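**Q** Protein chains in written order, with the numbering used here: chain A, -12 to 133; chain B, -12 to 133. Have a look at this one before I ask anything.
There are 2 protein chains.
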Amino acid sequence: MKSEREIFDNYLIKKNLRETPQRVMILDAFLKREEHITAEQLYDIVKKRDPSIGQATVYRVLRLIVEAGLALEVDFGDGVMRYEHCYNHPHHDHLVCKGCGKTVEVMDSVIEELQKRVAESFDFELMDHEMYLYGNCGDCRKKSRG
Amino acid sequence: MKSEREIFDNYLIKKNLRETPQRVMILDAFLKREEHITAEQLYDIVKKRDPSIGQATVYRVLRLIVEAGLALEVDFGDGVMRYEHCYNHPHHDHLVCKGCGKTVEVMDSVIEELQKRVAESFDFELMDHEMYLYGNCGDCRKKSRG
DNA sequence: TTGTAATTGATAATGATTATCATTTGCAAT
DNA sequence: ATTGCAAATGATAATCATTATCAATTACAA
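Right, here's the structure in full:
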């Protein structure tokens, strides 16, 4: 089982890109984070270790991380892209609380299978999908009831 | 069965808003369109009938149309919001071709039911969902095979 | 070492959408 | 009609996340 670092390095080599301190630092910070993270949040973390780092570099490295297959972009529709681990992290969708923003990773293999069938019934080859379930979590329902 | 125009007018009255020529014209143009439409596309259409109309007004009226329950926003993730009819138009999700951008409205009641169950299993009350299936349509598969 | 290509950080640009604001409009009460 | 007031409009500036640009720096290869 290759480490994420190895995968990243291999990707750089394959693309004739260089392993720079900035790239390593940004990857490390991303890997340390368990939850999904925005480019800005990642920039804030990395800036503490190296204040000279540029915001554009964070965006650039995040793209590399995605291309290397280590992260996925998730879009909750609030105008900010989030990035989450996807290596050794099985596919899932998201359940988002409209009240507090809490998210839960969900996965239902029956839904996945049905999605594929729906696509095929229209002669589409399903490559990808996004599914976001928006609701109110138990805590928020309690609060709104007073 | 109320007409869309009636529903819009009732919404305006309820909110103490006025029925202006611009609002009526933009609503009409939106209703004539069968497929989803962007604010810019709608602006281009309306501008032909009244070149003095402002782009901001189109955005404002689109919001009213959504609030009145006549349109839904759909976000294919390309940075532009699209608006589609939702009055007398049963709920559906979207199948989008990554090659040519063609979209198909899809609906699977089993998936819908499973979504609700998944949410409930995490003590969420499902309010809404988005599901986008991305793939390659038959035409595009043919073309890419040469 | 020297040439070349990649990388960086700063900054400008982008592009969709929203906010601002002075002006215009429409209605309500005189 | 006339006045007053709130809503509406169009033009334009602002916003905000993300991308592009570009000069300066870095790292590898011959």
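The beta carbon of each residue, even a glycine, is placed where N, CA and C say it ideally should be. Note that the coordinates shown come from a computational prediction; the quantities given were computed from them, not determined experimentally.
Suppose you measure from the CA of E117 of chain A to the CA of L29 of chain A; what does that come to, to the nearest Å?
**A** The straight-line gap from Cα to Cα measures roughly 24 Å.
**Q** Would you mind telling me which residues of chain A sit closer than 8 Å to R128 of chain B, beta carbon to beta carbon, in chain order?
**A** Those within 8 Å of R128 of chain B in chain A are E112.
**Q** Going by CA-CA distance only, name the one from B:N75, B:E21 and B:I13 that's closest to D43 of chain B.
**A** Residue identity check: residue 43 of chain B is Ala in the sequence provided, not Asp. It is B:I13.
**Q** So who's on the other strand from M114 of chain A, going by DSSP bridges?
**A** Paired residue(s): none; M114 of chain A is not in a bridge.
**Q** Identify, in the order they occur along the chain, each residue of the same chain with its Cβ nearer than 6 Å to the Cβ of L134 of chain A, setting aside the five sequence neighbours on each side.
**A** This structure cannot settle anything about residue 134 of chain A, because the visible part of chain A is limited to -12 through 133.
**Q** By alpha-carbon positions, which one of B:K2, B:R10 and B:L18 ends up nearest to H76 of chain B?
**A** Comparing Cα-Cα distances from H76 of chain B to each of B:K2, B:R10 and B:L18, the minimum goes to B:L18.
**Q** Quick check on the DSSP output: what are the complete alpha helix (DSSP H) runs of length 4 or more inside the stretch 30 to 75 of chain A, in order along the chain?
**A** DSSP runs (the alpha helix (DSSP H)) wholly in the stretch 30 to 75 of chain A: 42 to 54.
**Q** DSSP state of E92 of chain A, grouped into three classes?
**A** Strand.
**Q** What is the DSSP secondary structure of L82 of chain A, counted as helix, strand or coil?
**A** L82 of chain A: strand per DSSP, three-state reduction.
**Q** Look at the Cβ atom of I98 of chain B, then the Cβ atom of I98 of chain A, and state whether they are nearer than 8 Å.
**A** For I98 of chain B and I98 of chain A, yes; Cβs fall inside 8 Å.
**Q** Please report the distance separating the alpha-carbon of G66 of chain B from that of M(-12) of chain A.
**A** Roughly 37 Å between the two C-alpha positions.
**Q** Please return the same chain residues whose Cβ sits closer than 6 Å to the Cβ of L(-1) of chain B, not counting the five positions on each side in sequence.
**A** Closer than 6 Å at Cβ, skipping near neighbours: E6.
**Q** Name, going along the chain, the residues of the stretch 67 to 80 of chain B whose beta-carbon falls closer than 7 Å to a beta-carbon of chain A.
**A** Correct list: empty, as no residue qualifies.
**Q** Can you list, in chain order, the residues of its chain with a C-beta nearer than 7 Å to that of C84 of chain B? Leave out the 5 residues immediately preceding and following it.
**A** The answer, listed in chain order, is G122, N123, C124 and C127.
**Q** From which residue to which residue does the alpha helix (DSSP H) around P8 of chain B run?
**A** P8 to K19 is the span of the alpha helix (DSSP H), which, as asked, contains P8 of chain B.
**Q** Identify whether L101 of chain B lies in helix, strand or coil by the three-state DSSP scheme.
**A** It is helical.
**Q** In terms of residue numbering, what span does the alpha helix (DSSP H) encompassing S(-10) of chain B cover?
**A** That residue, S(-10) of chain B, is in no alpha helix (DSSP H); it is neither H nor E in DSSP.
**Q** Considering Cα atoms alone, identify which of A:P38, A:C87 and A:L49 is closest to K130 of chain A.
**A** When each option's Cα is compared against that of K130 of chain A, the closest is A:C87.
**Q** In chain A, what lies closer than 9 Å to C124 of chain B by C-beta?
**A** Here the neighbours are F109, D110, F111 and E112.
**Q** Give the interface partners of Y119 of chain A over in chain B, defined as CB-CB distance under 7 Å, in chain order.
**A** Those are H116 and E117, listed as they occur along chain B.
**Q** In chain order, what residues of the same chain have a beta carbon less than 6 Å from the beta carbon of T90 of chain A, not counting five sequence neighbours either side?
**A** Taken in chain order, the residues that qualify are H81 and V83.
**Q** With DSSP collapsed to three states, give me the class of N(-3) of chain B.
**A** The answer is helix: DSSP assigns N(-3) of chain B an H, G or I state.
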